[in-house]
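Enquirer: With UniProt numbering applied, the sequence shown corresponds to residues 1 to 207, in that order.
Beta carbons: idealized from backbone N, C-alpha and C, even for Gly.
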Amino acid sequence: MDVFLGTILPFGFQFAPSGWMQANGQTLPVNQYQALFTLLGITYGGNGSTTFMLPNLCGRLPMHQGQGVNLTNRVIGQVIGTENTSVLLANLPPHAPVITATATSALTASTTVNLASVASTPTTAPSNDNAYIGASIASGPTSAAIFSTAQGANPIALKGVNSTVGGTVNVTATAQTIGSGSPLGIVNPVLVVNFCVALQGLFPSRN
1 MDVFLGTILP FGFQFAPSGW MQANGQTLPV NQYQALFTLL GITYGGNGST
51 TFMLPNLCGR LPMHQGQGVN LTNRVIGQVI GTENTSVLLA NLPPHAPVIT
101 ATATSALTAS TTVNLASVAS TPTTAPSNDN AYIGASIASG PTSAAIFSTA
151 QGANPIALKG VNSTVGGTVN VTATAQTIGS GSPLGIVNPV LVVNFCVALQ
201 GLFPSRN
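1. Measure how close the beta-carbons of G6 and L40 come, nearest whole angstrom, since I'm counting them as under 8 Å.
2. Among A101, L57, S182 and I42, which residue has its Cα nearest to the Cα of C196?
3. When the distance is taken between beta carbons, is T50 closer than 9 Å to P29?
4. Give me whichever residues DSSP pairs with F37 in a beta bridge.
5. In chain order, what residues of the same chain have a beta carbon less than 7 Å from the beta carbon of A35, not counting five sequence neighbours either side?
6. In the DSSP output, what is residue 208 paired with across the bridge?
7. Among all the DSSP beta bridges, which residues are the ones paired with I99?
8. In the DSSP output, which residue or residues are listed as bridge partners for G185?
9. When DSSP labels each residue in this structure, what does N91 get in the three-state scheme?
10. Along the chain, where does the beta strand (DSSP E) that runs through T50 open and close?
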């Protein structure tokens, strides 16, 4: 089969035919493959003075050089891509996480009302609105006078009333952790064949 020197072709069998070498990235001496080195140079590796390398297509798909529409420019010999990738926070759509919160408060309050007894001499209930509970007497009939028109000075704390208080409430929130961070496989469906490079053949002329 007449082919150009440096041609890369896929074969259905597992070995390289005579005059060919598998495209496994082998390092070749320049002095033994001068014509092939003239075509490949150090595009695929080597020091360029004594060695150069064949393309390494092991586990890789070939891609034509250049820039497609709305695509990144690719240069011959460039090695790109990965089998797995990790999804970062910037790759996720906006979302509002659900948070379970528990609020606790240690506030206490009490209400004090000026409801005091008066030490002055008590009387029966006066006819006006300014009536205060007077000091108790040691003994007397059930109609004993217990009111006074003088205001007392000893406030008494009452229970069972509503009070409005202000303060700080501590809230402890816990967000549920999900996911394990495993890499995401991005390999396309492929069929593996045997790519080989022609070490012998016609030296191509430029178009």
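Expert: So, from the listed chains and residues:
1. 6 Å
2. L57
3. yes
4. The partner list for F37 (beta bridge, DSSP) is empty, contrary to what the question assumes.
5. L5 and F203
6. Only positions 1 to 207 of the chain appear in the structure, and residue 208 is not among them; the question remains open.
7. A175
8. N84
9. helix
10. Element bounds for T50: n/a, residue is neither H nor E.
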